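Asks:
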Amino acid sequence: MKKKLFSAFLALLITLLYFSTFVAAAISYVELDKDFKYTFRLPAGLYGSESDHYTSLTVIRMDSDISYCLNPYILSENGRNYGAGSDSYSIIPARLHNLNATKQRNIELATIYGWELSAKSKADAFYTKIYVGQEATDMEIIAASGPGVSLAGYNNWKAAILKKINSYLKEDPSFHGSRHEITVGGSLALTDTKAILNEYTVTDLPAGLSATISGNKLNLTATKDFAGGTVRLNRLHQYQGISRFYFVTITGGIWRQPIITAAIPTPKVATVRLDPIPATGAFRLKKTDDAGAELSGAQFNLKNSKGNTVLNFTLNSGTYSSPQLEEGIYTLTETKAPRGYVLDSTPRQIQIKGGETNNVYYTTPLKNIPQQIKIRITKTGEDQKPLAGASFEIRQNQKAIMRITTDPRGIAESTPLPQGKYTVSEIKAPLGYTPTQETNVTLSGDESGSASLTQEIKISNEQTLTEISKKDATTGEELPGATLTLKEKETGDVIETWVSTEEAHIIRGLHQDKTYVLTEDLAPLGYALCQDVEFTVDGAQGVTNKVEMIDELTVTEISKKDATSGEELPGATLTLKEKESGDVIETWVSTEEPHIIRGLHQDKTYVLTEDLAPLGYALCQDVEFTVEGAHGVTNKAEMIDELTVTEISKKDATTGEELPGATLTLKEKESGDIIET
Numbered sequence: 006m007k008k009k010l011f012s013a014f015l016a017l018l019i020t021l022l023y024f025s026t027f028v029a030a031a032i033s034y035v036e037l038d039k040d041f042k043y044t045f046r047l048p049a050g051l052y053g054s055e056s057d058h059y060t061s062l063t064v065i066r067m068d069s070d071i072s073y074c075l076n077p078y079i080l081s082e083n084g085r086n087y088g089a090g091s092d093s094y095s096i097i098p099a100r101l102h103n104l105n106a107t108k109q110r111n112i113e114l115a116t117i118y119g120w121e122l123s124a125k126s127k128a129d130a131f132y133t134k135i136y137v138g139q140e141a142t143d144m145e146i147i148a149a150s151g152p153g154v155s156l157a158g159y160n161n162w163k164a165a166i167l168k169k170i171n172s173y174l175k176e177d178p179s180f181h182g183s184r185h186e187i188t189v190g191g192s193l194a195l196t197d198t199k200a201i202l203n204e205y206t207v208t209d210l211p212a213g214l215s216a217t218i219s220g221n222k223l224n225l226t227a228t229k230d231f232a233g234g235t236v237r238l239n240r241l242h243q244y245q246g247i248s249r250f251y252f253v254t255i256t257g258g259i260w261r262q263p264i265i266t267a268a269i270p271t272p273k274v275a276t277v278r279l280d281p282i283p284a285t286g287a288f289r290l291k292k293t294d295d296a297g298a299e300l301s302g303a304q305f306n307l308k309n310s311k312g313n314t315v316l317n318f319t320l321n322s323g324t325y326s327s328p329q330l331e332e333g334i335y336t337l338t339e340t341k342a343p344r345g346y347v348l349d350s351t352p353r354q355i356q357i358k359g360g361e362t363n364n365v366y367y368t369t370p371l372k373n374i375p376q377q378i379k380i381r382i383t384k385t386g387e388d389q390k391p392l393a394g395a396s397f398e399i400r401q402n403q404k405a406i407m408r409i410t411t412d413p414r415g416i417a418e419s420t421p422l423p424q425g426k427y428t429v430s431e432i433k434a435p436l437g438y439t440p441t442q443e444t445n446v447t448l449s450g451d452e453s454g455s456a457s458l459t460q461e462i463k464i465s466n467e468q469t470l471t472e473i474s475k476k477d478a479t480t481g482e483e484l485p486g487a488t489l490t491l492k493e494k495e496t497g498d499v500i501e502t503w504v505s506t507e508e509a510h511i512i513r514g515l516h517q518d519k520t521y522v523l524t525e526d527l528a529p530l531g532y533a534l535c536q537d538v539e540f541t542v543d544g545a546q547g548v549t550n551k552v553e554m555i556d557e558l559t560v561t562e563i564s565k566k567d568a569t570s571g572e573e574l575p576g577a578t579l580t581l582k583e584k585e586s587g588d589v590i591e592t593w594v595s596t597e598e599p600h601i602i603r604g605l606h607q608d609k610t611y612v613l614t615e616d617l618a619p620l621g622y623a624l625c626q627d628v629e630f631t632v633e634g635a636h637g638v639t640n641k642a643e644m645i646d647e648l649t650v651t652e653i654s655k656k657d658a659t660t661g662e663e664l665p666g667a668t669l670t671l672k673e674k675e676s677g678d679i680i681e682t
């Protein structure tokens with residue numbers, strides 16, 4: 006060195022030698038560039054004077070590390086190259102250099118920001134050398150010169166370095182001390198808004214977590230085994246260690262120059278806490294019918310591998326996208342089918358993988374088949390009792406599908422039919438009943454999800470209606486009092502016997518298409534029996550079968566005849582009485598025509614009396630007769646009158662014998678008319 010050191014430095018050297026441990030080190034080279042020069046003034050008392058000094062750019066590598074002189078003088082004396090020979094160097098604590106913690110820290114950071122993290126130009130080396138000397142000695146920089154350097158340039162460089170040092174001391178990454186969740190098997194990127202993350206190195210990671218730094222982003226990836234933990238990052242980690250201070254000595258132990266290597270004894274640490282959350286994924290599904298048309302309304306249940314329900318959902322449209330779910334195997338079960346379709350309750354497994362969407366049941370949709378419906382007909386009569394034997398035809402679009410017949414319970418049931426519109430026609434009614442009108446049926450599914458449904462149809466049949474009238478042939482009015490019997494023609498079975506009234510007689514339930522015989526057992530008094538009436542029942546709906554039996558009055562023809570000629574004999578006064586009661590039925594005078602009396606009671610006996618015979622005729626004795634009421638019979642009663650007989654005798658008074666020869670004349674006394682001579 007050009008200046009003599011004060012005796013105080015010699016005392017310090019003795020102390021240093023006492024405490025220090027000597028280690029071998031090597032100066033790889035000493036590079037001297039005299040084109041760079043700076044002028045400085047040391048503080049009063051330091052190194053003996055306040056005179057101006059200058060030095061050139063000297064680059065020293067100690068054990069391959071860049072080192073810096075704490076003494077601003079150059080490390081050369083009389084051109085000696087300290088890289089040769091058996092020079093040795095000792096590491097001593099920095100405090101023995103009278104560097105307080107702040108100065109040491111600033112020097113350490115300046116050597117890193119000024120050189121290690123620079124473009125490593127000669128200007129960077131030059132400015133760093135100046136700053137180290139200035140910080141260590143408080144020297145005043147008077148001038149700086151060299152290619153691309155200046156005092157102003159140094160001051161600007163120094164301001165930038167101090168800003169970085171201040172950032173190091175006061176700023177942390179924006180996410181420092183924060184806590185975040187990361188998906189197991191997934192990734193997380195944390196952005197440092199302070200833009201200083203590029204100075205950090207990840208030094209500690211919990212198991213199952215990896216990390217990289219890219220610009221201002223900390224990219225984290227968690228494996229499935231990640232259980233949480235804290236990530237540690239060190240700022241300028243590659244320079245952390247113990248700053249080494251060397252005293253350069255030559256043979257004989259003469260102290261020459263203290264130098265320092267760039268290192269950061271106390272690391273600047275940033276941390277971030279990460280908590281694991283399970284990896285999640287999703288699934289999509291589609292629901293269609295057999296034809297591929299999307300179906301809405303299906304409901305599903307989703308259970309995890311433990312059998313716990315994690316989701317119940319409804320397809321409001323034909324497709325569904327799930328929320329995020331933890332990784333794992335799930336069981337999907339349809340709990341409610343779309344209306345009109347069969348429930349598909351088959352459990353299906355869905356595998357959820359983190360960060361993925363399972364589309365298995367979207368690309369291959371889940372299908373439902375339409376429900377089918379049975380038509381069940383319950384057939385009853387008007388009394389609500391079941392009717393067997395009714396046959397029905399089921400048609401769709403005018404095409405017959407099937408025929409069914411009611412059983413003893415009155416029930417007929419079809420096989421399952423596709424949903425749609427059908428017509429049910431009764432093609433054969435139960436015996437004694439009229440068929441019903443056609444019934445239009447719309448078969449629709451429901452929300453039960455059952456494969457087969459039953460749609461009930463209640464059909465009540467009315468009995469056939471037969472109205473039997475017994476009428477008077479003359480008036481056309483209902484004729485009461487006739488005893489009538491209805492029989493089935495084929496079997497002769499009696500259906501009913503009744504007496505006619507003033508109202509038509511109603512019989513319900515006669516078998517359609519069968520023939521019946523109506524017989525008059527007893528005609529009303531005064532009426533002849535009617536011949537049997539046959540009729541066949543029409544079973545058509547709404548038809549009232551009407552049967553009429555017309556009764557005519559009994560006809561009794563009474564003749565008053567001449568016994569000789571057999572001709573009708575007018576002029577006789579006749580009276581007809583009922584024998585039993587003596588009641589006079591009628592009195593009349595005979596004419597040249599028989600006298601007709603209608604309505605005499607059948608099976609009754611009547612007495613015909615001649616009250617006055619025609620002139621010249623003798624009264625006839627009474628005639629009795631009984632009226633026959635058979636159909637078509639005319640009862641005939643005859644009363645024969647004979648002429649009166651007058652026997653005139655002309656006798657001999659003596660002998661009493663007939664006396665012939667006398668001429669006699671017979672006259673009517675009143676009129677004098679000659680009857681005979």
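Residue 292 in the working numbering sits at position 287 of the sequence shown, with consecutive numbering throughout. Heads up, the beta-carbon is just placed ideally off N, CA and C, and yes, glycines get one too. Nothing here was measured: the structure is a model prediction, and the numbers come from that model.
Quick one: what's got a C-beta closer than 7 Å to Pro665's C-beta in the same chain, skipping five residues either side?
Replies: In the sequence shown, counting from the first residue as 1, residue 665 sits at position 660. None.
Asks: On a CA-only basis, which of Thr488, Lys308, Ala545 and Asp280 is nearest Gly437? Give me that one, please.
Replies: To locate residue 437, count along the sequence shown from 1; it is residue 432. Cα-wise, what sits closest to Gly437 is Ala545.
Asks: In chain order, what residues of the same chain have a beta carbon less than 8 Å from the beta carbon of Ser455, not counting five sequence neighbours either side?
Replies: The residue given as residue 455 occupies position 450 in the sequence shown. Cβ within range, chain order: Val347, Leu348 and Gln376.
Asks: Among Gln460, Thr480 and Glu431, which has the Cα closest to the Cα of Asn466?
Replies: The residue labelled residue 466 in the question sits at position 461 within the sequence shown. The candidate whose alpha carbon is nearest that of Asn466 is Glu431.
Asks: Which residues does DSSP pair with Thr480 in a beta bridge?
Replies: Reading the sequence shown from its first residue, position 475 is the one you call residue 480. The partner list for Thr480 (beta bridge, DSSP) is empty, contrary to what the question assumes.
Asks: Taking Asp573 and Ser595 to be in contact with their CB atoms under 8 Å, please state how far apart those CB atoms are, rounded to whole angstroms.
Replies: Counting from 1 along the sequence shown, the entry for residue 573 is found at position 568. Counting from 1 along the sequence shown, the entry for residue 595 is found at position 590. It is worth fixing the name first, because residue 573 is Glu in this sequence and not Asp. Their Cβ separation, rounded to whole angstroms, is 7 Å, which keeps Glu573 and Ser595 in contact under 8 Å.
Asks: Pull up the distance between the alpha-carbon of Trp162 and that of Thr198, whole angstroms please.
Replies: Counting from 1 along the sequence shown, the entry for residue 162 is found at position 157. Counting from 1 along the sequence shown, the entry for residue 198 is found at position 193. If I take the Cα positions, the gap works out to 25 Å.
Asks: Got a sec? Which residues, its chain only, sit under 6 Å from Leu458 by beta carbon, not counting five neighbours each side?
Replies: To locate residue 458, count along the sequence shown from 1; it is residue 453. Gln376 and Ile378.
Asks: Is it buried or exposed, Leu225, if we count other Cβ atoms within 10 angstroms and call 16 or more buried?
Replies: Counting from one through the sequence shown, the residue named residue 225 turns up at place 220. With 16 or more other Cβ atoms inside 10 Å of its own Cβ, Leu225 counts as buried.
Asks: With a threshold of 8 Å, are at least 3 pairs of Cβ atoms found where one atom belongs to the stretch 358-373 and the other to the stretch 381-392?
Replies: In short, these stretches do not touch, since the Cβ pair count stays below three.
Asks: Quick test of your reading: Thr524 and Lys492, contact by CB under 8 Å. State the CB separation rounded to the nearest angstrom.
Replies: Against the sequence shown, residue 524 aligns to sequence position 519. Against the sequence shown, residue 492 aligns to sequence position 487. Yes, they are in contact, since the Cβ atoms of Thr524 and Lys492 sit about 7 Å apart, within 8 Å.
Asks: Less than 8 Å between the CB atoms is what I'm expecting for Thr631 and Thr614, so what's the real figure, rounded?
Replies: Stepping through the sequence shown from its first residue, residue 631 is reached at position 626. Stepping through the sequence shown from its first residue, residue 614 is reached at position 609. Going by Cβ atoms, the distance from Thr631 to Thr614 rounds to 16 Å, so no, they are not a contact pair.
Asks: From the DSSP output, read off the bridge partner residues of Asp280.
Replies: In the sequence shown, the residue the question calls residue 280 occupies position 275. For Asp280, which the question treats as bridged, DSSP gives the partners Glu186.
Asks: Pairing CB atoms from the stretch 183-199 with CB atoms from the stretch 146-160, are three or more of them under 8 Å?
Replies: The stretch 183-199, when compared against the stretch 146-160, does not touch it at the 8 Å Cβ threshold.
Asks: In whole angstroms, give me the CA-to-CA distance for Lys674 and Glu597.
Replies: To locate residue 674, count along the sequence shown from 1; it is residue 669. To locate residue 597, count along the sequence shown from 1; it is residue 592. Cα-Cα distance, rounded: 29 Å.
Asks: Do you know offhand how far Leu579's Cα is from Asp477's?
Replies: Numbered from its first residue, the sequence shown carries residue 579 at position 574. Numbered from its first residue, the sequence shown carries residue 477 at position 472. Answer to the nearest angstrom: the Cα atoms are 29 Å apart.
Asks: Leaving out the 5 sequence neighbours to the left and right, which residues in its chain are closer than 6 Å to Glu647 when beta-carbon positions are compared?
Replies: The residue given as residue 647 occupies position 642 in the sequence shown. Once the five neighbours on either side are set aside, the close Cβ partners of Glu647 are Ala568 and Ala623.
Asks: Keeping to the same chain, check which residues put their C-beta closer than 7 Å to that of Leu300; ignore five residues upstream and five downstream.
Replies: Position 295 of the sequence shown, counted from the first residue, corresponds to residue 300. Lys292, Thr293, Asp294, Gly323, Pro343, Tyr346 and Asn373, listed in sequence order.
Asks: Here's the rule I'm using: 16 or more other beta-carbon atoms within 10 Å means buried, otherwise exposed. How should Lys565 be labelled?
Replies: In the sequence shown, residue 565 corresponds to position 560, counting from 1. With 16 or more other Cβ atoms within 10 Å, it is buried.
Asks: Taking the straight line between their C-alpha atoms, what separation do you get for Pro328 and Asn364?
Replies: Walking along the sequence shown from the start, residue 328 turns up at place 323. Walking along the sequence shown from the start, residue 364 turns up at place 359. Spanning the two alpha carbons is a distance of roughly 14 Å.
Asks: So, for Pro485: in the same chain, excluding its five sequence neighbours on each side, which residues have a beta-carbon less than 7 Å away from its beta-carbon?
Replies: The count along the sequence shown starts at 1 and reaches residue 485 at position 480. Taken in chain order, the residues that qualify are Ser505, Thr506, Glu507 and Pro529.
Asks: Could you pull out every residue in the same chain whose Cβ sits closer than 8 Å to the Cβ of Leu489, ignoring the five residues on either side in sequence?
Replies: The residue labelled residue 489 in the question sits at position 484 within the sequence shown. Answer for Leu489: Ile473, Lys475, Thr502, Trp503, Val504, Ser505, His510, Leu523, Thr524, Glu525, Asp526 and Met554, listed in chain order.
Asks: Identify, in the order they occur along the chain, each residue of the same chain with its Cβ nearer than 7 Å to the Cβ of Gln139, setting aside the five sequence neighbours on each side.
Replies: For this step, residue 139 is matched to residue 134 along the sequence shown. So the list reads Ile146, once near-sequence residues are dropped.
Asks: If contacts are defined as beta-carbon pairs under 8 Å, then Thr670 and Ile679 qualify, I think. What distance do you get, rounded to the angstrom?
Replies: Taking the sequence shown and counting its residues from 1, one reaches residue 670 at position 665. Taking the sequence shown and counting its residues from 1, one reaches residue 679 at position 674. Right, their Cβ atoms sit about 6 Å apart.
Asks: Quick one: does Asp209 have its CB under 8 Å from some CB of chain C?
Replies: Reference to chain C is not applicable here, since this structure consists of a single protein chain.
Asks: How is the beta strand (DSSP E) around Lys308 delimited, first residue to last?
Replies: To locate residue 308, count along the sequence shown from 1; it is residue 303. Segment Gln304 to Lys308, the beta strand (DSSP E) holding Lys308.
Asks: Considering Gly531, what are the terminal residues of the alpha helix (DSSP H) in which it resides?
Replies: By one-based count along the sequence shown, residue 531 stands at place 526. Segment: none, Gly531 is in no alpha helix (DSSP H) and carries neither H nor E.
Asks: Rounded to a whole number of angstroms, what is the C-alpha to C-alpha distance between Asp498 and Thr469?
Replies: In the sequence shown, residue 498 corresponds to position 493, counting from 1. In the sequence shown, residue 469 corresponds to position 464, counting from 1. Each residue's CA atom was taken as its position, placing Asp498 and Thr469 some 18 Å apart.
Asks: Taking the alpha carbon of Leu193 as the point to measure from, which residue in Asp177, Tyr173, Ile282 and Thr208 has its own alpha carbon closest?
Replies: Reading the sequence shown from its first residue, position 188 is the one you call residue 193. If we check each option's Cα against that of Leu193, Ile282 comes out closest.
Asks: From the DSSP output, in three-state form, read off Asn445 for me.
Replies: The sequence position of residue 445 within the sequence shown is 440, counting from 1. Correct three-state label for Asn445: strand.
Asks: So for Ala417, helix, strand or coil by DSSP?
Replies: Within the sequence shown, residue 417 is the residue found at index 412, counting from 1. Three-state DSSP puts Ala417 in a strand.
Asks: Using only the alpha-carbon positions, how far apart do Thr559 and Val638 sit?
Replies: As a working note, residue 559 is residue 554 in the sequence shown. As a working note, residue 638 is residue 633 in the sequence shown. The straight-line gap from Cα to Cα measures roughly 8 Å.
Asks: Taking only runs that begin and end inside the stretch 380-409, name each unbroken alpha helix (DSSP H) of 4 or more residues, in chain order.
Replies: none
Asks: Which one or two residues does DSSP pair with Gln109 in a beta bridge?
Replies: Position 104 of the sequence shown holds residue 109. Paired residues: none, contrary to the question.
Asks: Where Asp412 and Leu392 are concerned, what is the direct C-alpha to C-alpha distance, given to the nearest angstrom?
Replies: Here the question's residue 412 lines up with position 407 in the sequence shown. Here the question's residue 392 lines up with position 387 in the sequence shown. Roughly 8 Å between the two C-alpha positions.
Asks: Please work out which residues of its chain come closer than 8 Å, Cβ to Cβ, to Ala232, disregarding the five sequence neighbours upstream and downstream, and give them in chain order.
Replies: Here residue 232 corresponds to residue number 227 of the sequence shown, with the count starting at 1. So the qualifying residues of the chain are Pro211, Ala212, Gly213 and Pro281.
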